[in-house]
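*Asks:* In the working numbering, the protein residues as written are 63 to 269.
No residue lacks a Cβ here, since even glycine has one placed at the ideal position from N, Cα and C.
Can you keep this structure in mind? I'll have questions shortly.
See below:
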């Protein structure tokens, strides 16, 4: 690839990233069905054809936005490697709640599985669950490879996290700090149950 082609590729990637950033703002609190491609193009200040050029369809554009948002969410979960286990877990939970708070429509889409039954959004959701359960395991045990029972228990806890978070952003009667403390406390209970079944995986001490 020559320099001219590289510059063209870089400009194309930057333009695509710019459109995704615009889409993240548009869909932060607006559902998929509420915005037409004409609405999106008008808000973005671009021709509708440009969005089709980069993303093929409205669904393709939305999936790209969701995937970008999820990448940000997962990255937040892995930013605290230098912290003690308990604080690391607390920061991971707080980062998760902050994401849901500021990207409510996207969060609901990820958790509910998209428009109807959308296998690709389900796959994205499963990837989020796996990445965050792995982050919690690393925070609690300092390792990713944990027994199946421990992973199943953590997935069960994370399913409750999703339900609590959906209820919280729907009603907003509790502070983020209170919800985070609740989730961390219930995680501690789950880790102690895991220890009962798998004594070689002791729960971190209570904070």
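In three-state DSSP terms, what is residue 260?
*Replies:* Numbered from 1 along the chain shown, position 198 holds the residue referred to as residue 260. The answer is coil: DSSP assigns residue 260 none of H, G, I, E or B.
*Asks:* How long is the line joining the alpha carbons of residue 248 and residue 219, rounded to whole angstroms?
*Replies:* Sequence index remark: in the chain shown, residue 248 carries index 186 (1-based). Sequence index remark: in the chain shown, residue 219 carries index 157 (1-based). If I take the Cα positions, the gap works out to 8 Å.
*Asks:* Given residue 151, which residues of its chain have a CB within under 7 Å of its CB, disregarding the five upstream and five downstream residues?
*Replies:* Counted from its first residue, the chain shown places residue 151 at position 89. Hits under 7 Å: 198, 201, 202, 246, 249.
*Asks:* Considering only the beta carbon of each residue, do residue 183 and residue 128 sit closer than 8 Å?
*Replies:* Along the chain shown, read from residue 1 onward, the residue named residue 183 stands at position 121. Along the chain shown, read from residue 1 onward, the residue named residue 128 stands at position 66. Their beta carbons are under 8 Å apart, which means residue 183 touches residue 128 by this criterion.
*Asks:* From what residue to what residue does the alpha helix (DSSP H) around residue 265 run?
*Replies:* Numbered from 1 along the chain shown, position 203 holds the residue referred to as residue 265. Element bounds for residue 265: n/a, residue is neither H nor E.
*Asks:* Taking contact to mean at least 3 C-beta pairs separated by less than 8 Å, is the region 226-239 in contact with the region 155-170?
*Replies:* Contact holds: three or more Cβ-Cβ distances are below 8 Å.
*Asks:* Taking 8 Å as the cut-off, does the region 163-177 touch the region 82-98 (at least 3 CB pairs, one atom from each stretch)?
*Replies:* In short, these stretches touch, since the Cβ pair count reaches three.
*Asks:* So residue 99 and residue 113 are supposed to be a Cβ contact under 8 Å. How far apart are they, rounded?
*Replies:* Counted from its first residue, the chain shown places residue 99 at position 37. Counted from its first residue, the chain shown places residue 113 at position 51. That belief holds up - the Cβ atoms of residue 99 and residue 113 are roughly 7 Å apart, short of 8 Å.
*Asks:* My output table needs one value for residue 129: the three-state DSSP class, helix, strand or coil.
*Replies:* Residue numbering aside, residue 129 sits at position 67 when the chain shown is read from its first letter. Three-state result, residue 129: helix.
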